[in-house]
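Working notes, beginning with the structure itself.
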Amino acid sequence: MYIVDHSKKTYMVMDRETMEAMGAKMSDAMKQMEAALANVPPEQREMMEKMMKGKMKGMPSSAPRSEPVVTSLGQSDTVSGIGCDWKQVSRDDVVELKACVGKFSDFPASDDLRQISMKMREFTSSITEAMSSMTAGPMGSIAQNPMSAMALDGFPLISESFQDGNLTHRSRFQSVEEGSISGEEFAPPSGYKKQDMKKMMLQ
Numbered sequence: 182m183y184i185v186d187h188s189k190k191t192y193m194v195m196d197r198e199t200m201e202a203m204g205a206k207m208s209d210a211m212k213q214m215e216a217a218l219a220n221v222p223p224e225q226r227e228m229m230e231k232m233m234k235g236k237m238k239g240m241p242s243s244a245p246r247s248e249p250v251v252t253s254l255g256q257s258d259t260v261s262g263i264g265c266d267w268k269q270v271s272r273d274d275v276v277e278l279k280a281c282v283g284k285f286s287d288f289p290a291s292d293d294l295r296q297i298s299m300k301m302r303e304f305t306s307s308i309t310e311a312m313s314s315m316t317a318g319p320m321g322s323i324a325q326n327p328m329s330a331m332a333l334d335g336f337p338l339i340s341e342s343f344q345d346g347n348l349t350h351r352s353r354f355q356s357v358e359e360g361s362i363s364g365e366e367f368a369p370p371s372g373y374k375k376q377d378m379k380k381m382m383l384q
């Protein structure tokens with residue numbers, strides 16, 4: 182995946198190896214911080230943790246996260262002429278995602294496009310695994326999105342993401358347009374300078 186900064190005319194390449202290295206570095210930093218706080222009096226420890234949380238928003242928690250749970254809401258809908266069923270993804274009884282999921286067989290596209298969609302789900306899931314100890318940075322939204330790691334048994338025609346009980350993002354399927362696109366369209370813009378993402382973020 183390419184991350185392009187048009188204002189600086191630079192780009193970075195993000196791959197699984199980079200994510201794993203960044204995740205390991207972040208995990209080590211969190212362990213060192215916990216060790217440094219181990220012998221601090223409870224009152225001071227609490228104060229320092231609050232201060233660090235305020236300054237380091239997006240930093241992962243050291244506590245292990247429970248597995249997400251998919252639940253059917255027993256409600257149906259129709260989006261752009263396609264039927265779908267509402268489901269929600271929660272973790273520790275906290276809702277993280279609601280989605281109206283349609284069957285892949287009803288998706289108005291060729292088999293090639295359906296296969297591409299499945300590959301994209303596999304890709305985002307692999308990135309999520311590699312970033313299991315990271316939630317900050319340009320890929321934070323993918324790491325935090327439970328839909329990336331959970332199979333909803335269909336295509337989400339409507340998806341609503343929640344954080345701390347608040348709706349943060351809503352997307353709705355409109356239509357599909359198929360055509361041929363040159364591979365050059367997916368390359369970084371000509372003349373843009375490549376930045377070493379791993380070197381920049383692991384210093």
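Numbering-wise, the sequence shown is residues 182 to 384 according to this note's numbering. Heads up, the beta-carbon is just placed ideally off N, CA and C, and yes, glycines get one too.
If you measure between the beta carbons of proline 335 and phenylalanine 285, is that distance less than 8 Å?
By one-based count along the sequence shown, residue 335 stands at place 154. By one-based count along the sequence shown, residue 285 stands at place 104. Note that residue 335 is glycine in the sequence shown, not proline. Their beta carbons are under 8 Å apart, which means glycine 335 touches phenylalanine 285 by this criterion.
Going by beta carbon distance, what residues of the same chain come within less than 6 Å of glycine 283, once the five residues before and after it are set aside?
Your numbering for residue 283 matches position 102 in the sequence shown. Contacts found: Ile263, Cys265, Gly335, Phe336 and Leu338.
Would lysine 189 be called buried (16 or more neighbouring beta carbons within 10 Å of its own) or exposed?
Here residue 189 refers to the residue found at position 8 when the sequence shown is read from its first residue. Classification for lysine 189: exposed.
Report the partner residues of glutamine 344 according to the DSSP bridge assignment.
Here residue 344 is taken as the residue at index 163 of the sequence shown, counted from 1. In DSSP, glutamine 344 forms a bridge with Asn347.
Give the single residue among Ile297, Tyr192 and Ser340 whose Cα lies nearest to the Cα of glutamine 376.
Position 195 of the sequence shown holds residue 376. For the residues Ile297, Tyr192 and Ser340, the minimum Cα distance to glutamine 376 belongs to Tyr192.
Report buried or exposed for arginine 199, applying the criterion of at least 16 other Cβ atoms within 10 angstroms of its Cβ.
Counting from 1 along the sequence shown, the entry for residue 199 is found at position 18. Before going on, a small fix: residue 199 reads as threonine here, not arginine. Its Cβ being crowded by 16 or more others within 10 Å, threonine 199 is buried.
For glycine 255, name the three-state secondary structure that DSSP assigns.
Locating residue 255 in the sequence shown gives position 74, where the first residue counts as 1. Secondary structure at glycine 255: strand, using DSSP grouped into helix, strand and coil.
Going by C-alpha distance, which of Glu277, Gln344, Gln225 and Glu359 is nearest proline 249?
In the sequence shown, counting from the first residue as 1, residue 249 sits at position 68. The candidate whose alpha carbon is nearest that of proline 249 is Glu277.
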